[in-house]
Every structure is written in structure tokens, then in C-alpha cells.
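Input: a single structure, listed below in C-alpha cells.
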Amino acid sequence: MPDAYGRTINYLRLSITDRCNLRCRYCMPETGVVQKNCADILRYEEFLRIVTAATELGIRKIRVTGGEPLVRKGVIGFLAQLATLPDIDEVALTTNGMLLAGQAQALKDSGVGCLNVSLDSLNGKTYAEITRGGDLERVLAGLDEAQACGLKIKLNMVVMRGVNDHELLPFAALSLDKPWAIRFIEYMPAIREPDWRRNLVSGAEILAELGRKYPIEALSGGRYCGPAKPYRIAGALGTLGMITPMSEHFCSSCNRIRVTSTGAAKSCIFNDDSVDLKPWLNNPLKLRHTLVQVISAKPAQHHFGTGLANREFTMSNIGG
Ligand code: SAM
Ligand code: SF4
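Residue numbers (my numbering): 32 to 351.
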């Protein structure tokens, strides 16, 4: 359905768990993460009710995210259920890839069309440091498997100055002979850090750096292409994408809403407002009505990082 600013909202992101097997430095603190009470996390059947109500309002694409969605038991069965809903055109998954190896074929069989894998370094030591314990080899094995079984792959790299920005070219080079979308994401201040701006490398800077080595062509976006501005190295098999929430927000074309693992619906990742869907899970009409309210209240744009909004938000709970 259209929101108050004429944007068509057709994309729902579901964070099915706040749990994660990593502690990425830009997403969670190293220790002391307070987990949601198990009893407060929605059951799959409850998510399905929300999705069904959302499809009646025009939602056609679902992304399952987390925390780390692959740590939640039964996720593949849930994805398969989502994929068979009559009005859903696309089911996608965002994962850190640590549990991908051994499950890629099952994901493909479940009906997942697109797999977003978060990978911030191609160096094992740097990767382990950024993720505080991640094993690059396991992620790469999962990616190989996913490619072999024909899953459409997008790699998400959060670019951080002085941490992994020297790896822009090797990441871009992956697109030369792999049919992957390599997406560079601007660092967002998701954890409490007064000096977060020192980490930020803007999309323009990233593009300029890539352009010094490769001939880069701008592409036009697809139906659900979302916030990534697409590019290609001339002649490459895959594509590049710039996601620039901080330097050049894409609010005017935002097509999404979010539901957290505890059933809070959010119209904007950066907005404090959320609406609890839990009271309406047994009332399809009221559930739909509440989602209409969420979509209608979607703000024209976010002010995050500008000083107009100054607070912390939990990426791992909202799902990125
Ligand atoms: N655990 C899964 C994963 O890492 O892909 C899914 C959840 S994670 C919160 C979703 C996305 O949010 C990931 O691609 C991650 O890189 C991104 N993300 C988390 N914190 C971020 C930050 N501070 N700035 C930019 N992107 C961030
Ligand atoms: Fe976990 Fe994903 Fe957050 Fe990393 S970005 S800590 S993998 S939820």
C-alpha cells in the first residue's frame, strides 16, 4: 500500500531472533548483551499471521534476518512456509554465513531466492577481529556451497576506516568472475560511540576509490532493489552496490517496514517509534489495521546522525 508520502510499501523485514553467534564490533558490545526473554520471542506461526496480514496490504517480499537467523531452530521450515504463501514473490535471508555450510541446499530447496551474507574482510585475522570470533573459512565454504546450488548471492561489507577500507578493491574484484552483488555499506552508529564518524567512509569515497582502478558503469535499479545504488565493473559477471544511509539517505524510495523478534512493528530503522503487534495476533482484522497505522506513520525521512536524533539503536534486534 502507499504510505503518506506516496511510497509503495511492499517489503517486510522480519527479525526472527535477537540471538547471535557473533559479536560484530559495529553491531553488539563484546559482553553483557541482554537477551530477550524466550517467552517474548514470537513463534513462527505468529510471524506467519503477521506476514499474512501484511500481504493483504501489498507486502510481496520478505527478508528474514536477526540477530543471526540460522541459529534459530526450525528456520528452514519457516522459510519454506513463507515461500509458499500465495502473495509472496520473494523470500530472502540475511546471515553472517557461519552456519551456511551444510545448509545451503536446504535453503535453496526451501524457496529462498536471495541470500545476503555479511562479510567485512577477506583476511581471516581481520574478520575474526571485526566479528569477535568469526571463522572466515567457514563463511567462505558456505558461500561456495550456496553458489554451487544456485542461490543468488549478495555480499554485504560494512566499510570502516582504518579497519577494512584497504580491502575495497579485493571485494570489488569478487564481482569480476562471480555473479554476486558486492554491496558496500556505510558504517552506522548503532552502538554507543561518541566518535563514530571516524569510522565512516562515504559511498562517494568508496566509488571514487573503485573508479581509480576499474571502469565503473551505473546501472538502473530493480523492483525490490531497495537502498543499494547498483553499479558494475565494465564486463564483470556480478555487480556492485552502494548503500549510503549516512551520506545520502534513500528515504524517498524506502519501501520497507520491519517487525522485531518480539513483534514490534517499525516503519523506520532509525525511528524510536514501534507498535506492539502481540495483542492482535489472534485478531486478523485488528492486526491488518495496526499494520496500516504503522505504514501510514512512516516518516518522510530519518534524521539519524544529524544531531536531530541522538540515541542508540540495536541493529541486532531490528535486523539491519
Ligand atoms: N546476523 C545477520 C548478519 O550479520 O547478516 C543478520 C542481522 S545483521 C544486524 C543485518 C545487517 O546489518 C548485516 O549486514 C550487518 O552488517 C548490518 N549492520 C549491523 N550493524 C551495522 C552498522 N553499525 N552499520 C552498518 N551496517 C550494520
Ligand atoms: Fe550478529 Fe549480524 Fe550483528 Fe554481526 S551484524 S553481531 S552477525 S547480528
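Ideal Cβ positions, reconstructed from N, Cα and C, are used throughout, including at glycine.
Q) Does ligand 2 have even one heavy atom less than 6 Å from the beta-carbon of N127? A) Yes; taking the cut-off as 6 Å, the Cβ of N127 has a heavy atom of ligand 2 nearer than that.
Q | Cα-Cα separation between K67 and L45, rounded to whole angstroms | A | Cα to Cα, K67 sits roughly 16 Å from L45.
Q) At a cut of 8 Å, does the region 227–247 reach the region 72–84 through at least three beta carbon pairs? A) Of all C-beta pairs linking the region 227–247 to the region 72–84, fewer than three are shorter than 8 Å, placing the two stretches out of contact.
Q: Using only alpha-carbon positions, find the residue among K156, S284, Y57, L167 that is nearest to P330.
A: Among K156, S284, Y57, L167, the Cα nearest to that of P330 belongs to S284.
Q) Is the CB-CB distance between S298 and V325 below 7 Å? A) Contact: yes.
Q.
Check whether the region 189–200 and the region 147–159 are in contact - that is, three or more C-beta pairs closer than 8 Å.
A. Because the criterion of three Cβ pairs below 8 Å is met, the region 189–200 and the region 147–159 touch.
Q. Are I213 and L174 touching if we call contact CB-CB under 7 Å?
A. It is not a contact, given that the beta carbons lie outside the stated cut-off.
Q: Compute the Euclidean distance between the alpha carbons of Q112 and L101, then round it to the nearest angstrom.
A: Their Cα atoms are separated by approximately 16 Å.
Q) Three or more beta-carbon pairs under 8 Å between the region 261–274 and the region 224–242, yes or no? A) Taking 8 Å as the limit for Cβ pairs, the verdict is that the region 224–242 does touch the region 261–274.
Q: Identify whether L339 lies in helix, strand or coil by the three-state DSSP scheme.
A: Unreliable positioning characterises L339 in this predicted model, as indicated by a pLDDT of 44, which lies under 50. The coordinate reading is nonetheless provided below. Looking at L339 - three-state DSSP - the assignment turns out to be coil, as it is neither helix nor strand.
Q: Could you give the DSSP three-state label for A123: helix, strand or coil?
A: The answer is strand: DSSP assigns A123 an E or B state.
Q. How is C299 classed by DSSP in three states: helix, strand or coil?
A. Residue state, collapsed to three classes: coil.
Q) Is Y218 buried or exposed, if buried means 16 or more other CB atoms sit within 10 Å of its CB? A) Buried is the call here.
Q. In three-state DSSP terms, what is R289?
A. Looking at R289 - three-state DSSP - the assignment turns out to be strand.
Q. Excluding sequence positions up to five away, which residues of its chain have a Cβ less than 8 Å from the Cβ of A357?
A. The structure shown has nothing for residue 357, since the chain only spans 32 to 351.
Q: Helix, strand or coil for Y245, going by three-state DSSP, please let me know.
A: Coil at Y245, not helix or strand.
Q | Same chain only: Cβ atoms within 8 Å of T115, ignoring 5 sequence neighbours per side | A | Result list for T115: G142, in chain order.
Q. Start and end of the alpha helix (DSSP H) containing F160?
A. According to the sequence provided, residue 160 is Glu. The question's Phe does not apply to it. Counting along the chain, the alpha helix (DSSP H) containing E160 begins and ends at 155–162.
**Q.** Coarse secondary structure for A212, derived from DSSP in three states
**A.** For A212, the three-state secondary structure derived from DSSP is strand.
Q: Determine, using beta carbons only, whether Y42 and R287 come nearer to each other than 7 Å.
A: For Y42 and R287, yes; Cβs fall inside 7 Å.
Q: Return helix, strand or coil for E87, following the three-state DSSP convention.
A: Coil, per DSSP.
**Q.** Complete alpha helix (DSSP H) runs within the region 54–87 (minimum length 4 residues, chain order)
**A.** Within the region 54–87, the complete alpha helix (DSSP H) runs of at least 4 residues are 75–86.
Q. Since T237 and M273 are thought to touch, with beta carbons under 8 Å apart, how far apart are those beta carbons, to the nearest angstrom?
A. Before going further, note that residue 237 is Ile rather than Thr in the sequence given. Contact holds; Cβ gap of about 6 Å.
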